[in-house]
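*Asks:* Line by line, the protein sequences are chains A and B.
Residues 0 to 401, numbered by numbering that gives the first Met the number 0, are exactly what the first sequence covers, in order.
Residues 0 to 363, numbered by numbering that gives the first Met the number 0, are exactly what the second sequence covers, in order.
The C-beta atom is built at its ideal place from N, Cα and C for all residues, glycine as well.
Can you read through this structure? Questions will come right after.
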Amino acid sequence: MIAGQLKPEQFDGYPPEAKRLATSHIALLRQLPLGFLPLLLKELIVYDWKFPAERKELDKQFTYLASLSPAQFDREMSSFSGLRLSPELENFDWINKPGIFSEQLSAHLWATHQIDTFRAAAVGYVHKVNASERHEPLPLPRLGIVLVGRGVTASKHPLFRKLRPQGVYFKQVNADNAHKQLMELLDERAQAHPLAFGHWYIDGSTSDTQFRSGVTCISYASLQSVRTVLVDKIEKAYESGMGSEALRTMLAEMRPEALGSKALSGDPILDRFQISLLTEGSGTQIYSTTFVQWAAREALRRAQPLTLFARFAPRQRERSMKEVLAGTLLTPGLDPEGSLIDADMGAYYTWLNQQRLSGSGESRFLVWFEDHNEVLAIGPEVARGAELDRPIVFEEILKQIA
Amino acid sequence: MRTATGAAAAGSLFGLAPLRAHALPKGRKAVVVTFGGGARDEETFMPEGQENIPHLLNELIPRATFFTQVVNRGILGHYVATASLATGVYETFNNFAAVPPDNPTVFEYFRKDLKRPAFDTWVVAPSNGFNRIGESDNRSYGAGLGAGVILPKRLLASALAPGEGNKYDHLLRDNYETPLYAPQLSGNGIELHELAEVMKLSVADFVVHAKTLDSPDELSVYIARQLMRQLAPSLLWITLHDIDVAHAGAYSLYINGIQRSDRLCAEIWRAIESEPEYAGKTTMFILPDFGRDSDTDAGGNGFQHHRTGDQLSRTTWMIVLGPGIRENVVVDRPVQSTDLVPTLGGLFGFQAKFSQGRPLTEVL
Numbered sequence: 000m001i002a003g004q005l006k007p008e009q010f011d012g013y014p015p016e017a018k019r020l021a022t023s024h025i026a027l028l029r030q031l032p033l034g035f036l037p038l039l040l041k042e043l044i045v046y047d048w049k050f051p052a053e054r055k056e057l058d059k060q061f062t063y064l065a066s067l068s069p070a071q072f073d074r075e076m077s078s079f080s081g082l083r084l085s086p087e088l089e090n091f092d093w094i095n096k097p098g099i100f101s102e103q104l105s106a107h108l109w110a111t112h113q114i115d116t117f118r119a120a121a122v123g124y125v126h127k128v129n130a131s132e133r134h135e136p137l138p139l140p141r142l143g144i145v146l147v148g149r150g151v152t153a154s155k156h157p158l159f160r161k162l163r164p165q166g167v168y169f170k171q172v173n174a175d176n177a178h179k180q181l182m183e184l185l186d187e188r189a190q191a192h193p194l195a196f197g198h199w200y201i202d203g204s205t206s207d208t209q210f211r212s213g214v215t216c217i218s219y220a221s222l223q224s225v226r227t228v229l230v231d232k233i234e235k236a237y238e239s240g241m242g243s244e245a246l247r248t249m250l251a252e253m254r255p256e257a258l259g260s261k262a263l264s265g266d267p268i269l270d271r272f273q274i275s276l277l278t279e280g281s282g283t284q285i286y287s288t289t290f291v292q293w294a295a296r297e298a299l300r301r302a303q304p305l306t307l308f309a310r311f312a313p314r315q316r317e318r319s320m321k322e323v324l325a326g327t328l329l330t331p332g333l334d335p336e337g338s339l340i341d342a343d344m345g346a347y348y349t350w351l352n353q354q355r356l357s358g359s360g361e362s363r364f365l366v367w368f369e370d371h372n373e374v375l376a377i378g379p380e381v382a383r384g385a386e387l388d389r390p391i392v393f394e395e396i397l398k399q400i401a
Numbered sequence: 000m001r002t003a004t005g006a007a008a009a010g011s012l013f014g015l016a017p018l019r020a021h022a023l024p025k026g027r028k029a030v031v032v033t034f035g036g037g038a039r040d041e042e043t044f045m046p047e048g049q050e051n052i053p054h055l056l057n058e059l060i061p062r063a064t065f066f067t068q069v070v071n072r073g074i075l076g077h078y079v080a081t082a083s084l085a086t087g088v089y090e091t092f093n094n095f096a097a098v099p100p101d102n103p104t105v106f107e108y109f110r111k112d113l114k115r116p117a118f119d120t121w122v123v124a125p126s127n128g129f130n131r132i133g134e135s136d137n138r139s140y141g142a143g144l145g146a147g148v149i150l151p152k153r154l155l156a157s158a159l160a161p162g163e164g165n166k167y168d169h170l171l172r173d174n175y176e177t178p179l180y181a182p183q184l185s186g187n188g189i190e191l192h193e194l195a196e197v198m199k200l201s202v203a204d205f206v207v208h209a210k211t212l213d214s215p216d217e218l219s220v221y222i223a224r225q226l227m228r229q230l231a232p233s234l235l236w237i238t239l240h241d242i243d244v245a246h247a248g249a250y251s252l253y254i255n256g257i258q259r260s261d262r263l264c265a266e267i268w269r270a271i272e273s274e275p276e277y278a279g280k281t282t283m284f285i286l287p288d289f290g291r292d293s294d295t296d297a298g299g300n301g302f303q304h305h306r307t308g309d310q311l312s313r314t315t316w317m318i319v320l321g322p323g324i325r326e327n328v329v330v331d332r333p334v335q336s337t338d339l340v341p342t343l344g345g346l347f348g349f350q351a352k353f354s355q356g357r358p359l360t361e362v363l
């Protein structure tokens with residue numbers, strides 16, 4: 000298939016919104032090189048299930064590409080046009096299976112030592128697209144809240160080491176009612192600035208909190224039945240002799256219906272998102288700490304929320320070889336200490352991912368060692384690389400980042 | 000960044016210590032340990048990571064020449080990258096396919112050029128994916144000229160009672176790069192038979208000992224020590240892999256893997272020094288196959304994977320120690336992971352004809 004011969008009817012297999020977008024931009028699509036076009040289609044084919052912020056991002060790409068003069072367009076695409084592709088890739092059904100094409104293209108680029116060229120071209124392209132947009136001011140600064148260490152009574156692990164240079168490390172916090180205050184803060188922000196998928200709550204255990212409308216909630220526990228079905232399918236796939244790459248393809252194409260989850264949330268976009276956390280994430284099926292970190296990353300990357308509240312919970316314990324061979328502890332217990340270390344790193348990654356979004360200079364971030372008196376706060380009005388060793392009440396810290 | 004190591008202060012010694020290679024005794028041996036799979040500077044040699052590698056820093060590096068920039072320009076998948084280390088060529092086969100390397104391995108050069116018998120070189124590897132690493136399909140080398148490959152987890156799976164396979168799936172996980180665990184290959188009586196015959200180790204004793212160990216890498220080192228005692232191979236290659244649990248996304252487990260690998264490297268060195276067949280005539284090479292993605296690369300997810308191909312995931316280190324090797328020396332110039340095979344060639348006296356690398360003169 001040659002891009003220059005694309006016809007509107009070739010997008011008949013796409014969902015309605017994706018098809019509309021593809022056919023309306025078909026003249027542009029025909030000009031794109033094969034080292035680029037299927038990757039754009041990979042995003043386009045799932046347009047109907049994208050969050051509003053993601054749709055904007057894709058629309059922005061079309062606007063940017065359409066704005067280029069012929070000479071600029073050729074220059075922008077030259078690195079992608081210069082990639083040497085195999086006949087198998089060129090003949091692949093990249094219109095209807097752009098995701099699989101993308102996997103195979105990636106393997107080809109690694110094998111032919113073209114991955115660095117591609118990577119540089121992709122990074123340059125993204126920077127130019129972002130630079131072409133004038134960012135509207137946010138209705139309020141972004142806020143990230145992370146709770147770590149649930150279930151840990153005492154720990155010698157030095158917390159927040161990677162985040163300390165960015166803010167103030169409060170070591171004697173009176174955190175009575177801190178959890179309640181943070182939940183109320185999330186709720187208030189959602190009420191004051193309603194925005195589709197603009198305020199999130201992610202829990203590594205169960206989410207029994209009732210928010211008013213406007214807060215998108217997901218939890219590890221609520222997906223247990225889906226995880227069970229998914230693990231069963233993966234095991235069966237292995238038993239059938241399916242290889243690793245085929246398995247990845249199978250997982251990438253898996254839909255909520257295939258996992259017996261007709262309606263997780265009642266919202267098809269959110270349902271797709273939740274399933275993707277389990278089918279595209281690595282380790283999210285097994286460890287709740289990985290699930291929370293990955294869910295926070297994906298929520299920030301895709302939905303670009305104003306508020307994100309992530310609460311880690313103890314994950315299952317990793318059994319040693321001798322424990323497995325002894326046949327004891329068939330149901331592994333929890334590992335609060337290890338989970339604290341996982342969550343500490345997860346908090347750092349959550350902050351990094353929040354800083355990748357617009358308005359990063361005004362963003363706020365708070366991480367609390369749950370039920371303990373250690374807090375780290377980051378914000379434009381907060382000192383960097385400081386420690387406070389005197390008593391302070393939690394409300395005072397909230398005021399500093401509010 | 001890469002000079003911020005415990006050994007960096009000794010870098011000025013480089014060039015002053017005398018070469019002693021000519022004084023090496025006969026019966027030279029080499030042990031290669033890959034510090035796998037995939038560890039970053041942040042969790043190892045950077046100041047904040049040094050607490051995870053006390054044995055490397057305090058016991059081994061003071062006695063070693065330390066290469067601070069070993070760059071891997073190949074595919075960052077564990078089997079294909081380890082095969083590239085073993086051939087000295089950036090192999091391009093599918094990382095997930097059970098295929099032999101395209102180019103001759105170090106084991107084939109060693110055996111053919113030096114006319115060494117089969118029992119003189121072995122590979123101990125963690126997973127079934129590595130079962131073809133012992134010899135290539137190169138026409139001039141290949142069949143019958145490679146190393147024996149031992150997959151301890153596979154041996155263990157064979158040794159366990161029939162029908163209990165499902166019970167041990169968790170232990171026998173094979174490839175951390177997939178979301179869950181691959182099942183074990185079916186048992187192989189010949190391999191178990193070889194376990195008893197070659198290593199003078201009964202299946203029962205093997206299983207009993209396995210039940211005292213914490214991890215598959217500990218089992219690999221146990222098997223390697225049996226090989227050293229019973230066969231004393233001149234070229235022994237041990238691939239550690241516990242660190243690759245990082246793909247599951249649990250940072251604490253990744254750190255545990257690094258700390259265990261650090262301890263096991265020191266144990267292997269102590270074994271070398273205590274075994275009469277090895278003491279005083281063995282060069283040990285320790286190097287990761289590659290690193291992992293940096294925290295700041297938006298295309299990755301930090302320590303969890305090695306998918307971006309960024310500089311951090313491509314740049315690692317190598318420790319070389321043994322008789323004739325300058326001690327407490329740091330080499331900061333960039334070298335490549337493909338340089339290992341021609342360096343082994345320089346050490347043993349074989350010609351790595353197909354290798355893309357260059358001998359590391361600092362340790363020859």
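1) Ignore the nearest five residues each way along the sequence and tell me which others in V206 of chain B's own chain have a CB closer than 6 angstroms to its CB.
2) At the level of alpha carbons, what is the spacing between A20 of chain B and T360 of chain B?
3) Output needed for G248 of chain B: all residues of its chain with C-beta closer than 6 angstroms, excluding positions within five of it in sequence on either side, in chain order.
4) Around the Cβ of Q209 of chain A, are there at least 16 other Cβ atoms within 10 angstroms (buried) or fewer (exposed)?
5) Where Q355 of chain B and G259 of chain A are concerned, what is the direct C-alpha to C-alpha distance, given to the nearest angstrom?
6) Below 8 angstroms on the Cβ atoms is my guess for Y202 of chain B versus A209 of chain B; work out the distance and round it to an integer in Å.
7) Would you mind telling me which residues of chain B sit closer than 9 angstroms to L333 of chain A, beta carbon to beta carbon, in chain order?
8) DSSP three-state call for E426 of chain A: helix, strand or coil?
9) What is the C-beta distance between L218 of chain B and P151 of chain B, in whole angstroms, given that I count them as a contact (C-beta under 8 angstroms)?
10) Helix, strand or coil for I1 of chain A? Go by DSSP, reduced to three states.
11) Rounded to the nearest angstrom, what separates L181 of chain A and L375 of chain A at their Cα positions?
12) Check each residue of the region 299-310 of chain B: if its Cβ is closer than 9 angstroms to any Cβ of chain A, include it; give the result in chain order.
13) Helix or strand or just coil, what does DSSP make of S362 of chain A?
14) Taking Cβ positions, are I324 of chain B and T282 of chain B nearer each other than 8 angstroms?
15) Which term fits H126 of chain A, buried or exposed, when burial requires 16 or more other beta carbons within 10 angstroms of its beta carbon?
16) Provide the residue span of the beta strand (DSSP E) that contains W268 of chain B, from first to last.
17) Mind checking whether A346 of chain A and V145 of chain A have CB atoms under 8 angstroms apart?
18) Can a CB atom of chain B be found closer than 8 angstroms to the CB of D341 of chain A?
19) Measuring from the CB of Q355 of chain B, is there a heavy atom of the ligand HEM at a distance below 7 angstroms?
20) Confirm, please, whether the CB-CB distance from H178 of chain A to R188 of chain A is below 8 angstroms.
21) Would you tell me roughly how many angstroms separate the C-alpha atoms of W367 of chain A and V228 of chain A, rounded to the nearest one?
22) Buried or exposed: which applies to P390 of chain A, given that a residue is buried once 16 or more other Cβ atoms fall within 10 Å of its Cβ?
23) Going by DSSP in three states, I391 of chain A sits in which element: helix, strand or coil?
24) Please name the residue in A:R254, A:I94, A:A106 and A:I285 whose C-alpha comes closest to that of G332 of chain A.
25) Suppose you measure from the CA of G3 of chain A to the CA of K41 of chain A; what does that come to, to the nearest Å?
26) Assuming contact is defined by CB atoms lying nearer than 8 angstroms, are Y237 of chain A and V214 of chain A in contact in what I supplied?
27) From what residue to what residue does the alpha helix (DSSP H) around W350 of chain A run?
28) DSSP puts I440 of chain A in a beta bridge; with which residues?
29) Can you name the start and end residues of the alpha helix (DSSP H) that H413 of chain A belongs to?
30) Taking only beta-carbon atoms, is K285 of chain B less than 8 angstroms away from chain A?
31) Would you identify the three-state DSSP class for A174 of chain A, choosing helix, strand or coil?
32) Is L170 of chain B buried or exposed, if buried means 16 or more other CB atoms sit within 10 Å of its CB?
33) So H156 of chain A and L351 of chain A are supposed to be a Cβ contact under 8 angstroms. How far apart are they, rounded?
34) Write down every uninterrupted run of the alpha helix (DSSP H) in the region 195-270 of chain A whose length is 4 residues or greater and which is fully enclosed by it, in chain order.
35) Can you give the Cα-Cα distance for F225 of chain B and A119 of chain A, rounded to whole angstroms?
36) Which whole-angstrom value is the C-beta distance of I74 of chain B and T86 of chain B, which I expect to be below 8 angstroms?
*Replies:* Reading off the structure:
1) A158
2) Unreliable placement is indicated for A20 of chain B, whose pLDDT of 39 sits below 50; no coordinate value is reported for it.
3) Q303
4) Around the beta carbon of Q209 of chain A, fewer than 16 other beta carbons sit within 10 angstroms, so the residue counts as exposed.
5) 52 angstroms
6) As written in the sequence, residue 202 of chain B is Val, which differs from the Tyr given in the question. Not confirmed; about 10 angstroms, so no contact.
7) In chain order: nothing, as chain B lies at least about 13 angstroms away.
8) Because chain A spans 0 through 401 in this model, residue 426 of chain A falls outside it and cannot be assessed.
9) Yes, they are in contact, since the Cβ atoms of L218 of chain B and P151 of chain B sit about 4 angstroms apart, within 8 angstroms.
10) coil
11) Across the structure, L181 of chain A and L375 of chain A are spaced so that their CA atoms are roughly 14 angstroms apart.
12) Within the region 299-310 of chain B, N300, G301, F302, Q303, H304, R306, T307, G308 and D309 place their CB atoms closer than 9 angstroms to a CB of chain A, listed in sequence order.
13) coil
14) yes
15) Exposed, by the Cβ-count rule.
16) Taken as a continuous stretch (DSSP letters only), W268 of chain B belongs to no beta strand (DSSP E), being part of the alpha helix (DSSP H) at Y250 to S273.
17) yes
18) yes
19) Of ligands this structure carries none, so the ligand HEM is not represented either.
20) No, these two residues do not count as a Cβ contact at 8 angstroms.
21) 34 angstroms
22) exposed
23) strand
24) A:I285
25) 18 angstroms
26) no
27) From DSSP, the alpha helix (DSSP H) with W350 of chain A extends over P335 to Q354.
28) This structure cannot settle anything about residue 440 of chain A, because the visible part of chain A is limited to 0 through 401.
29) In this structure chain A extends from 0 to 401, so residue 413 of chain A is not present and cannot be described.
30) Correcting the residue type first, residue 285 of chain B is Ile in the shown sequence and not Lys. Closer than 8 angstroms: no.
31) coil
32) Note on L170 of chain B: pLDDT 47, under 50, position unreliable in the model; the coordinate value appears next. Answer is buried; the Cβ neighbour count reaches 16.
33) The pair is not a contact, with the Cβ atoms about 20 angstroms apart (cut-off 8 angstroms).
34) Fully enclosed alpha helix (DSSP H) runs of 4 or longer: 223-238 and 243-251.
35) Before going on, a small fix: residue 225 of chain B reads as Gln here, not Phe. So the two alpha carbons sit approximately 48 angstroms from each other.
36) Taking a contact as a CB-CB distance under 8 angstroms, the pair I74 of chain B and T86 of chain B does not count as one, their CB atoms being some 13 angstroms apart.
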